[in-house]
Amino acid sequence: MKLPIAYEDLKALLFERKLIAAPDWNSAEKNASRRRRGIEEVLIERGFFTETFLFELIAQALKTPYVNLRAVKIDDAVFRLLPEQTAQETHCIAFGVSSVKKDTLKMATLNPRDEQALAAVQAALKRQCEWYLMNERSYRYALKLYTTDIKEGLLRIVNEYIQNAQSGVQGGYDVPVVKIFDTILEYAMLEQSSDIHIEPLADAVLIRFRIDGDLQDKIELPINFKDALIARIKILSNLKIDEHRVPQDGRLAFMMDEAEESARVSVIPTLYGEKVVLRLLSDDVQNLSLQDIGLTKRNLDLAMKSIRKPFGMILVVGPTGSGKTTTLYAVLNILNTEDVNISTIEDPIEYGIRRVNQTQVNTVAGYTFASGLRSLLRQDPDIIMIGEIRDGETAQIAVRAALTGHLVLSTLHTNNAAGAIPRLLDMEVEPFLVASTVNVVIAQRLVRRICIECITTYHLASTVIKALAKEYDLRAILERMQELGVIDKSVAHFTDLPFYKGKGCARCHHTGYLGRIGVMEVLVNTHAIQQATIKHMSSEDFEAIALQENMVPIFDDALQKALLGVTTLEEVLRISRE
Ligand SMILES: [Zn+2]
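In structure tokens, the structure reads:
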């Protein structure tokens, strides 16, 4: 990341606003120099502030307003006034017309202090300019807008085909369709789409991309390309080409910029033919770390100790849709080294992981969690991942496997960490077996993340605090947050706490939220927990013991994330009331 101010100025700015304390700055500085990164990147990573917040701060210091080009509507005519080459040489982008003076252009720059560049732009445009500060992400995004769009790319291929056909060159739709499909994939990746929809209409094939949660029309292709395009996708995804009446699911692997990418493919018959949806699975899950999904340093250290044990059970619990599987994949990523054999039985396989033997439950073929697990155990595994433990039979085999030197990862459907062990006991696994096999239980929920483009801070109104006090012991909460080091010891009242929310912007579709993150609690199987297991105590008892043993409950983990500007107080209250 390049900043338009010197480090000393940045430091002065942050200290002046009391945004950081000296020890935190020094520790970040050391870390940054060791990793050859900018200190601002480390501070953002450590959650002191977001990139947008930092740029707004710098913009204030430079007395130049900040603009996020991804969130504003760029006026295409104005944009093209500045030639691409000039934009690259000067690091400036033209994006609109001043709302005050109609002959003045709105210009964004990476560095408002680069007077030479600004003068060059003004000379090239022969117009007055109103300057804004942008960050590199905005700049790179805007540069991409100079290149031709998908529509032009695809139309060129289609027209080439039509011309060839007219001039008598023989050939079916196969060759252009290969190019068309590659182009669709390329643009979908470029635009960071999550899904590609290929939909047959009565007279055309509609291509749509889902970008940041929004489905956008890209182009309508001539209907003649429909069958060849669908056949091409089916071949690449190992689906039956001649089957048109039933839905089919498959996977597709492809190379993009020398990296292997994959997509989940779903085909269903509709009125005008088969409709295909491709869910692009970025390799994110391969690089997913436990910090990414929301484990704090403290919880991470606890979890890692248990994950590194050669055998035993690692359980992730939570209701449906709480992100349990993603957490298991992140744990598998850590364990996936050359010297181990990892086998899984899942329902369904959500992501492919290199060098892991993944199998999928197939009830029709008699391959259930229990029978599959028995087969896997004959495959000399070191580590086994079971998608979910739903019944006593699976639970018993899993516990036996953990006891005989395997590391077993699985999920359970319970609301909190304290409920996991009683659930296993209810499935009639011997208490002493559970006591000696479970290493750790991670319970989690998902909360919405505040949009980093429009985040803002506020203090709670006294009426809100009064209402909260009826439901929660606010003094105790303050003390716990102080113990966790999230807030300063000097904070005496809830009114002093900064909370955060998104104002709403184009990027987050005016919701104030963008993406989600896990909030969790980590229960380690300590001696006291083992004793409770053998006595077959209730989940309330387990909760009380775990808290005595210093487990940070999910509520506190969520509140900590709210106080750090990751999520809102509303989200914390939502999960606590569920
Ligand atoms: Zn926003």
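For the sequence shown, my numbering begins at 10 and goes up steadily by one. For every residue, glycine included, the Cβ atom is placed at its ideal position computed from N, Cα and C.
Can you give me the Cβ contacts of residue i inside the same chain, cut-off strictly under 7 Å, excluding the 5 residues immediately before and after it?
{"i": "A404", "result": "I398, L433, M436, V438"}
{"i": "Q225", "result": "R217, F218"}
{"i": "G524", "result": "R458"}
{"i": "L337", "result": "V325, M394, L418, T420"}
{"i": "G401", "result": "M436, E437"}
{"i": "S585", "result": "F564"}
{"i": "A312", "result": "L299, L304, V449, I451, V531"}
{"i": "Q115", "result": "The sequence shown places Lys at residue 115, rather than the Gln named in the question. Closer than 7 Å at the Cβ level, and outside the excluded window around K115, lie F104, G105, V106, S107, E139, Y141."}
{"i": "I464", "result": "T59, T61, F62, Y509, G511, G574"}
Going by alpha carbons, who is nearest to residue i out of the options?
{"i": "D191", "options": "L224, R516, A211, I159", "result": "I159"}
{"i": "V581", "options": "A567, I302, L573", "result": "A567"}
{"i": "L506", "options": "L483, C460, T305, E347", "result": "L483"}
{"i": "P3", "options": "A132, Y75, N559", "result": "Past the edges of the chain, shown from 10 to 587, lies residue 3, and the structure says nothing about it."}
{"i": "N425", "options": "A478, R165, L324, E462", "result": "L324"}
{"i": "H545", "options": "V533, R454, P440", "result": "P440"}
{"i": "E145", "options": "G401, L12, R46", "result": "L12"}
{"i": "P5", "options": "R454, F57, R165, S108", "result": "No information on residue 5 is available, as it lies outside the stretch 10 to 587 that the chain covers here."}
{"i": "D183", "options": "Y150, I242, E208", "result": "I242"}
{"i": "L52", "options": "A37, R46, V370, R44", "result": "A37"}
{"i": "L210", "options": "F551, D236, D497", "result": "D236"}
{"i": "E552", "options": "A571, Q569, E530", "result": "E530"}
{"i": "L164", "options": "M143, V186, L152, A151", "result": "V186"}
{"i": "Q125", "options": "T95, S147, K110", "result": "T95"}
{"i": "H415", "options": "H422, V285, Q388", "result": "Q388"}
{"i": "T7", "options": "G521, A444, D251", "result": "With the chain running from 10 to 587 in the structure shown, residue 7 is simply not present."}
{"i": "I474", "options": "G332, E579, L245", "result": "E579"}
{"i": "R254", "options": "I244, R273, F263, E283", "result": "E283"}
{"i": "I102", "options": "V109, S275, M143", "result": "M143"}
{"i": "D33", "options": "D18, E200, E25, F57", "result": "F57"}
{"i": "D310", "options": "M560, N35, R46", "result": "M560"}
{"i": "L576", "options": "I526, V373, A272, Q539", "result": "Note that residue 576 is Thr in the sequence shown, not Leu. The option with the nearest alpha carbon to T576 is I526."}
{"i": "L289", "options": "I302, A555, E270", "result": "E270"}
For residue i, report the span of its beta strand (DSSP E) as first-last.
{"i": "N613", "result": "Because the chain is modelled from 10 through 587, residue 613 falls outside the range shown and cannot be assessed."}
{"i": "A213", "result": "213-220"}
{"i": "V581", "result": "Per DSSP, V581 belongs to no beta strand (DSSP E); it is in the alpha helix (DSSP H), 578-586."}
{"i": "T118", "result": "113-118"}
{"i": "R525", "result": "522-533"}
{"i": "G204", "result": "Reading off the sequence, residue 204 comes out as Asp, not Gly. Looking at the DSSP string, the run of the beta strand (DSSP E) that includes D204 is 202-209."}
{"i": "E139", "result": "137-142"}
In chain order, what residues of the same chain lie with their CB nearer than 8 Å to the CB of residue i, ignoring the 5 residues before and after it?
{"i": "S380", "result": "none"}
{"i": "E50", "result": "M10, A41"}
{"i": "I406", "result": "A379, L382, R383, L386"}
{"i": "P598", "result": "Residue 598 lies beyond the range of the chain shown here (10 to 587); nothing can be said about it."}
{"i": "H468", "result": "T504, D505, L506, P507, F508"}
{"i": "V214", "result": "I207, E208, E229, L230, P231, I232, F234, K235, L238"}
{"i": "D356", "result": "Q369, V370, F378, G396, E397"}
{"i": "Q491", "result": "D497, K498, V500"}
{"i": "L572", "result": "M490, V495, I496, L506, P507, F508"}
In the DSSP assignment, find the alpha helix (DSSP H) that holds residue i and state where it starts and stops.
{"i": "I554", "result": "548-557"}
{"i": "D565", "result": "563-572"}
{"i": "V286", "result": "V286 -> not in any alpha helix (DSSP H); beta strand (DSSP E) instead, spanning 282-290."}
{"i": "H536", "result": "536-543"}
{"i": "D226", "result": "Per DSSP, D226 belongs to no alpha helix (DSSP H); it is in the beta strand (DSSP E), 223-231."}
{"i": "R516", "result": "Note, R516: premise wrong, no alpha helix (DSSP H); not H, not E."}
Which same chain residues, not among the five before or five after residue i, have their C-beta less than 6 Å away from its C-beta?
{"i": "T61", "result": "I461, E462"}
{"i": "A70", "result": "L22"}
{"i": "L412", "result": "T446"}
{"i": "I48", "result": "A37, E38, A41"}
{"i": "Q137", "result": "T113"}
{"i": "A429", "result": "L324, V326, L421, T423, V450"}
{"i": "P390", "result": "N350, S352"}
Nearest chain D C-beta to residue i closer than 7 Å, yes or no?
{"i": "Q300", "result": "Within the model displayed, chain D is absent; a lone protein chain is all it includes."}
Is any non-hydrogen atom of ligand 3 found closer than 6 Å to the C-beta of residue i, if you look at the structure I gave you?
{"i": "P507", "result": "Summarising the ligand content, the structure contains ligand 1 and does not contain ligand 3."}
Can you list, in chain order, every residue whose CB sits closer than 5 Å to a heavy atom of ligand 1? C460, E462, C463, G511, C514, R516, C517
Runs of 4 residues minimum, wholly inside the segment 374-452: which ones carry the alpha helix (DSSP H) assignment? 378-386, 401-412, 429-435, 440-446
Run through the segment 80-110 for me and flag every whole beta strand (DSSP E) of 3 or more residues, listed as ranges in chain order. 101-106
What alpha helix (DSSP H) runs, 4 residues minimum, are completely inside the segment 297-377? 306-316, 333-344
Contained alpha helix (DSSP H) runs [length at least 4] in the segment 16-83, N- to C-terminal order: 16-25, 31-44, 48-54, 60-70
Quick check for students: name the residue ranges of the beta strand (DSSP E) that lie wholly in the segment 461-512, counting only runs of 3 or more. 464-467, 508-511
Continuous alpha helix (DSSP H) assignments of at least 4 residues falling wholly in the segment 145-197: 145-153, 159-175
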